[in-house]
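The structure appears below as structure tokens.
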Amino acid sequence: MPSENQEGDGFLPPIATAEPAFPAYADPSYVMPNEISVSAQLDDGTKSTFNVTIEKLPQEAVKPYYGGYRHKHTGVTYHHSAAQTERVAKVYKDVSNLRNRDTQTYSVITKSTQLVREAGTQMKRKDLHLDESGNVSIEAKPYFSSNQLLELQRQKTLTIQCYWRGYIARKLAWARRDQIYQAHLARIKAKEDVVKENSAKQKREIERRMNPKSVKDFEILFNELETWRQTEHHKIRESNETDANKKLLVADLLAKEAKLLQTIDKLKAKALKSGREKRVSQMIQRMSEPKAWEQSDGIPIEVETPYTTRAKELAQLYTSLKTTLISTDERLDVLLNIKWTVNEFDCALTRDIVELIDREADLLNRGRGESTLSGLRVRLNNLFLQFIETPEFNPEASRFLKVPNGYEVEPLFKTLAAPSNWN
1 MPSENQEGDG FLPPIATAEP AFPAYADPSY VMPNEISVSA QLDDGTKSTF
51 NVTIEKLPQE AVKPYYGGYR HKHTGVTYHH SAAQTERVAK VYKDVSNLRN
101 RDTQTYSVIT KSTQLVREAG TQMKRKDLHL DESGNVSIEA KPYFSSNQLL
151 ELQRQKTLTI QCYWRGYIAR KLAWARRDQI YQAHLARIKA KEDVVKENSA
201 KQKREIERRM NPKSVKDFEI LFNELETWRQ TEHHKIRESN ETDANKKLLV
251 ADLLAKEAKL LQTIDKLKAK ALKSGREKRV SQMIQRMSEP KAWEQSDGIP
301 IEVETPYTTR AKELAQLYTS LKTTLISTDE RLDVLLNIKW TVNEFDCALT
351 RDIVELIDRE ADLLNRGRGE STLSGLRVRL NNLFLQFIET PEFNPEASRF
401 LKVPNGYEVE PLFKTLAAPS NWN
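The sequence shown runs 1 to 423 under the UniProt record's numbering.
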């Protein structure tokens, strides 16, 4: 609790000294007045002076001065907490009869209690018959010393160790048996995998020779044909046949070789056709796929653009055009949709497509068979595919051109004119 220097909070009795060695705030000769004036600042900013009456404690209640400290910046003096705390009188216990005989004597009180279950004890007598059928005789066992206890504990410990080590040994043995069994299963599985791989490889080799698709497949066929021809020619040359018979055998060998070459050429044409159809379907599918744009958070999002929508519509029309197992009305509907699509542009290609569509529609209305329309439909499919692969009609096709647009497409379609509503 702070106190100002001029107020003198320390209440100390006057001490006679030759020279005062105390600071101003701790002068023992200072006597607190009965009333002091205190100035304070009110809420409205004005200052007012009040008279404060001081109630002094009696001389025996004056607290001693234990020192204190002064704030360096404000100059406020703080006394010891003991000088600012109210003293509490110590309460002593009553020890008047501490060493009295009454405090060392316990008063005994007798009380009678009736138990819930009555019981009693009666010793055997001559004039009293007791039923001893339920009595049990208990005899004390021989004395069991601490050394005997330690020996028993040691024997039991050895028994536990024996069983535990046996369990560990059996567990290790079963683990090794399982490891050996798993290795055996792995070897069997490896052999089965090798057999399956060889079988699959043999099937792939047979399939490559029966239905070759790549350039390497045809190289294998030509190499095997050449090996077979050389082997057969060597057999004919080393045989004991006459020259006339050898010439006949060589002629037969040449005929067989020519027939095999024709078969290989047929397989090559079939592979080229299937490969072309596969490439066209993949190209059309990739054209109609939505764009994958990466957002600010790094997550890609699929976006449909006008170009991809256009490519998807053309892909659906091309797929419908290639479908043959449909009714006449459905075929005419497909041809009409394609005609509307290509009529948006005016060029030689679109005019040819429209002419073929009109011709097929006329033949269908006349009731002509499917076999008579096969050639017309193949030409129509090729022209419409060319329409799809032209960037002026399908902007997504520009990503699949092998050469720049200015060197391949423009000289072919100089007269085309794009509609005003196409961007």
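Where is the CB? At the ideal position from N, CA and C, for every residue including glycine.
Query                                                                                                                                                                                                    : Result
DSSP three-state call for residue 285: helix, strand or coil?                                                                                                                                            : helix
In whole angstroms, what is the alpha-carbon distance linking residue 313 and residue 354?                                                                                                               : 18 angstroms
Identify, in the order they occur along the chain, each residue of the same chain with its Cβ nearer than 6 angstroms to the Cβ of residue 380, setting aside the five sequence neighbours on each side. : 356
Quick one: what's residue 384 bridged to in DSSP?                                                                                                                                                        : DSSP lists no partner for residue 384.
Classify residue 342: buried if its beta carbon has 16 or more other beta carbons within 10 angstroms, exposed otherwise.                                                                                : buried
What are the uninterrupted segments assigned as beta strand (DSSP E) that are 3 or more residues long and contained completely in the stretch 215-279, given in chain order?                             : none
Can you tell me whether DSSP reads residue 376 as helix, strand or coil?                                                                                                                                 : helix
Using only the alpha-carbon positions, how far apart do residue 221 and residue 203 sit?                                                                                                                 : 16 angstroms
Quick one, are the C-beta atoms of residue 288 and residue 315 less than 7 angstroms apart?                                                                                                              : yes
Looking only at its own chain, which residues have a Cβ that is under 7 angstroms from the Cβ of residue 337, when we skip the five neighbours before and after it?                                      : 317
Express the C-alpha separation of residue 311 and residue 199 in angstroms, rounding to a whole number.                                                                                                  : 43 angstroms
How about the stretch 296-309 and the stretch 318-325: do they share at least three Cβ pairs that are nearer than 8 angstroms?                                                                           : no
Taking only the alpha-carbon atoms, compute the straight-line gap between residue 375 and residue 232 and give it to the nearest angstrom.                                                               : 43 angstroms
Where does residue 79 land, buried or exposed, given buried means 16+ other C-beta within 10 angstroms?                                                                                                  : buried
Which residue wins for smallest C-alpha separation from residue 350, given the options 333, 382, 371 and 372?                                                                                            : 382
Can you tell me which of the three DSSP states residue 168 falls into?                                                                                                                                   : helix
State the DSSP-derived secondary structure class of residue 36, mapped to helix, strand or coil.                                                                                                         : strand
From this set, 246, 48, 32 and 206, which residue's C-alpha is nearest residue 39's C-alpha?                                                                                                             : 48
Please report the distance separating the alpha-carbon of residue 327 from that of residue 211.                                                                                                          : 33 angstroms
Would residue 397 be called buried (16 or more neighbouring beta carbons within 10 Å of its own) or exposed?                                                                                             : buried
Mind checking whether residue 385 and residue 361 have CB atoms under 7 angstroms apart?                                                                                                                 : no
Counting along the chain, where does the beta strand (DSSP E) carrying residue 291 start and finish?                                                                                                     : 291-294
Classify residue 307: buried if its beta carbon has 16 or more other beta carbons within 10 angstroms, exposed otherwise.                                                                                : buried
Express the C-alpha separation of residue 275 and residue 205 in angstroms, rounding to a whole number.                                                                                                  : 19 angstroms
If we ignore side chains and look at the alpha-carbon of each, how far apart do residue 50 and residue 32 end up?                                                                                        : 17 angstroms
Using beta-carbon positions only, say whether residue 400 and residue 283 come within less than 7 angstroms of one another.                                                                              : yes
Three or more beta-carbon pairs under 8 angstroms between the stretch 233-241 and the stretch 179-193, yes or no?                                                                                        : no
Could you give the distance in angstroms between the alpha-carbon of residue 291 and the alpha-carbon of residue 309?                                                                                    : 11 angstroms
Put residue 195 into one of helix, strand or coil per three-state DSSP.                                                                                                                                  : helix
Buried or exposed: where does residue 458 fall if 16 or more other Cβ atoms within 10 Å of its Cβ makes it buried?                                                                                       : A query on residue 458 cannot be resolved here, the shown segment of the chain reaching from 1 to 423 and no further.
With residue 130 and residue 122 assumed to form a contact (beta carbons below 8 angstroms), what rounded beta-carbon distance in angstroms separates them?                                              : 7 angstroms
Using a threshold of 7 angstroms, state whether the C-beta atoms of residue 66 and residue 82 are closer than that.                                                                                      : yes
Answer yes or no: do residue 271 and residue 339 have a C-beta to C-beta separation smaller than 7 angstroms?                                                                                            : no
Tell me, which residues are paired with residue 128 by DSSP?                                                                                                                                             : 125
Is residue 117 helix, strand or coil when you go by DSSP?                                                                                                                                                : coil
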